[in-house]
Amino acid sequence: MFEAVAFYLFAFLTIAMFYIVVTTKQALYALTALAAGMIFISAFFFILGADFLGAIQIIVYTGAVMALYAFGMMFFDTTRDVKEKQGNKYIIVGLSTLAAVLIVLIVSVPMVSDNIVALYPVADDIGNVQSVGLVLFTKYLIPFEVAAIMLLVAMVAGIVLAGKKMDLSLTLMSGEEIEDMKKEKNKKVLS
Amino acid sequence: MMEIGLNHYLVLSTILFAIGLVGVMKRKNLLLLFFATEILLNAVNIAFAAISHYYGDLTGQMFAFFVIAIAASEVAVGLGLLIVWFKRHGTIDLDLMTSMKG
Amino acid sequence: MEKYLYIALFAPFVSSLFSALFTATPKKLFTGIIASLLIFTSLVSSTILLIYLFKGGEPIHVEMMTWMATGDLYIPFGFLVDQVSVTMMMVVTLVSTVVHVYAIGYMDHDKGFNRFFSWLSAFVFSMMILVMSDNYAGLFIGWEGVGLCSWGLIGFWFHKESASWAANEAFIMNRIADLGMLIGIFLIYWNTGTLQYDGAFAAFHTLDPTTLTWIGIFLFIGAMGKSAQFPLHTWLADAMEGPTPVSALIHAATMVTAGVYLVIRSNELYSLIPDVGLFIASLGTFVALFAASMALVNRDMKRIIAYSTLSQLGYMFAAAGLGAYWVALFHLMAHAFFKALLFLGAGNVMHAMHDELDPFKMGGLKKVMKWTWIMMTIASLALAGIFPFAGFFSKDTILEAAFADHHYVIYGVLLFTAGLTAFYSFRLVALIFHGEERYKLFGIHPHEAYRFMLVAMSPLLLFAIIAGVFQEPFFHMVEELLRAHEYHIHSHTTLWIMLLGTQIFVGLAILYAYKKYARSGIKVPDGTSATENSFIYKLLINQYYIPYFYEEYIIRPYRELSAVFWQKIDIKIVDATVDGIAGIIYSTGEKTRTMQSGNLSTMLKWMVVGLVVLLSLAVIFGVTVRYSDGAASALSGLGVM
């Protein structure tokens, strides 16, 4: 019974939060609603027994991604209302509803899910974190390493794209050039 | 109604996905468009985790894990690009970004 | 021995290809010389083969490679040299060599000198394929090849409207006849399962007479087109638009005899259906008389000789139809020699008279062109059938064959035609070479042809004189293959009366021609004399109004019909459909181009639309598969589910 209550409560909250993200005119409201929605989703993960995943959701999504968005928001003027030329509301809502209905039809009939076999079954006696670790570092090792490289690439890309004076390389310049550069900066400051 | 089954989670996931679709189609501000994309990814994560739980298979959780990793890097690169564009053009309104008009 | 076969067959081909290299360049003498040398090589090989077969050798049968082997149909590129084909090969190569050398002189000032030799040698090659092939399909290839080369050669001076028209007429008429021949070939294959001569001939004995009759009729229709029998005869006279060596080679000696060759080669078929044979003989006789009558009044030198060819072809078909195949072949051979000689002599006259063709405007040329005069007179004597020249032996044997088989009507008509032949041949000779020199009125200064051209014509002259000697050996060579038998008139007196009577009749005709046309005081007819306005004259000079009939009642309606088809159907329906399809695609592209607005939001909307479409497809397929088994199997067959 608790499970049902928790499910419906968090479902209602999540839907409300995400609805706000999609419809509000203020960018800051959208950001905060999104962060709240992320937290509520992690609640679902905990209900489903995916402890590791829930923790990751909070740390990475709410912590890192939302922080990143918040920093990004500083660049843009967030006091103004977002002015948007509206497209046809009915088409948009209609299409989404149609997509939703079709997906529900597919999974509920059901159409393809007749012989699903569990490949990496959950072992109930060891905790979720341990089993995740077992599977991740043995069966999914290669995707794991590839994801690591991808994160590295994304990090470098983010730095290069957003940083200042990224065309200069301190390691490649000689000592004199670095001195000249410092003098230039000081001149600007002092004068 | 009391017994929560897989279908409940899948319906929830579908509703969230639909909300995300509405946001993607509606939003003209690029940053808010990114928010709607995040919604889509999260809806899918819920579905993965639910299936993983109800079939007793860890594959769903693994996929959700990788989706989170990818979403994070996507945000990093996307925001970087957004900042470069903003510095160059001073606006992030989609209706003004039509240089790819064919 | 086989190498001689291949040399004889492919030397003209090499010659044609070699000359073809130079078609775009101005006249180069060596193309003519090399072409003539290669054809002479072919002649030498054919002679070697002839001697070999004459001494009793076995026919040479080679299969070069397979052309088609599909299902039950097996057609090889096979070649056969037996007594009949070696005779044809000799005729073709001998006349071709003479014509090639002659053409070096005749086409002296022509810009298309190299192109001429290329076409000419290609023609020889096609003719060799035709006579050397060992199956009906190979014969048909050669048949079409000579048709094509004849088109190219008749229309050689293509900028002359009349020449291209004549070339098209020849080709199209041949094509119409080829349809008949193709149907005949199809019937042969359908009923016997093979197109090889030996196989088909053996199988003919097992077929019923109706089928054989149809096959015979259809094959003969093909022969009618190629050998210009009535009603497909109008192209031969118009084909004189081509250069004279072409007329000599193609329309006297080789291509037009291809039809006769077909009938002779298929003699096993035609001996089984004597009724068709009788029809062929009758048609041949009719054509002989018909053509001779048109030559009586004609005023175009080459046309007279063309009608003479047509008439002699009638003789050949009469002989073949009566079952005297060896006589037809012998007459073919002799006729090739003296007719080619006549044409080449006419070429000399044409060149001397600056392409003037009306014999009434010539006259008294024997003083200036002595050798040409001698050659043309001897050729005409041979054509008329005067002893001891070649024509006597061949034509008289045909008359004997008709008489001995009790076809008296055919005999009578052929005899009468022999007289007409003598008359118009010597009318021509008399008008050109005897009498007063009317050409002086037109300011023409004629001169004899080049010496080497006369030398080239001399082998033909020789054979026109002595070919009669070869009748006995020829008979012995082909008697087994052609089931030949000598014709014996039962009583000796009848035979002598026939021979002498024919000679006297012909001699009288010659004398009458000389009397009428070799005197002085002949004027160029200008349309006002009584003879010219008489009904018979008009009928004959307009070729019985047959070309007019064809033009009015066949060609013109067809042209109208074609115009309708072109404008109403082709342009409005077919082209419109194709253009419409392209237009639809184009406009679809134009309209969907606006989808690419560059606006990300719009594109995202389209993406969701696509997503919805795919989802609905998935739902439809899934529901169908789940709830209906037939669709499930169909879709799994497609590889979808």
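Residue numbers (the working numbering), protein chains in the order written: chain C, 816 to 1006; chain V, 72 to 173; chain P, 56 to 696.
By construction, the Cβ of each residue, glycine as well, lies at the ideal position given by its N, Cα and C atoms.
Residue i and residue j closer than 7 Å at C-beta
i	j	result
P/T452	P/V561	no
P/A477	P/A375	no
V/V95	C/S911	no
P/P414	P/I487	yes
P/L234	P/N246	no
P/A389	P/G440	no
P/A294	P/A232	no
P/D189	P/L135	yes
V/L165	P/L655	yes
P/S282	P/G314	yes
P/F444	P/L436	yes
P/Y316	P/M143	yes
P/A434	P/A519	yes
P/E503	P/G418	no
P/S176	P/S100	no
C/M832	C/A848	yes
Helix, strand or coil at residue i [DSSP, three-state]
i	result
P/P514	helix
P/V423	coil
P/P67	helix
C/P936	strand
P/N588	helix
P/N223	helix
P/Q622	helix
P/Q526	helix
P/D410	coil
P/S188	strand
C/N1001	helix
P/N403	helix
V/N100	strand
Any chain C beta carbon closer than 7 Å to residue i
i	result
V/V138	no
V/G151	yes
P/S652	no
V/M171	no
V/H124	yes
P/V629	no
V/V115	no
C-beta neighbour in chain P for residue i, strict 7 Å
i	result
C/A914	yes
C/L843	no
V/M96	yes
C/L920	yes
C/L917	yes
Residue i: first and last residue of the uninterrupted alpha helix (DSSP H) it sits in
i	result
C/I873	No alpha helix (DSSP H) holds C/I873; DSSP gives it neither H nor E.
P/I487	Y463 to F488
P/R358	M356 to G376
P/V318	A313 to R320
P/R648	A631 to R648
P/D293	T289 to D293
C/V836	F817 to T838
P/D451	A445 to A459
C/T912	K904 to S923
First through last residue of the beta strand (DSSP E) which encompasses residue i
i	result
P/W122	I115 to T125
P/F134	L128 to V136
Counted within 10 angstroms of its Cβ, other Cβ atoms place residue i as buried (16 or more) or exposed
i	result
P/F211	buried
C/F827	exposed
P/L396	buried
C/L956	exposed
V/N116	buried
P/E57	exposed
C/F859	buried
P/E118	exposed
is_contact[residue i, chain V] using C-beta, thresh 7 Å
i	result
C/E818	yes
C/M965	yes
C/V971	no
P/K660	yes
P/S181	no
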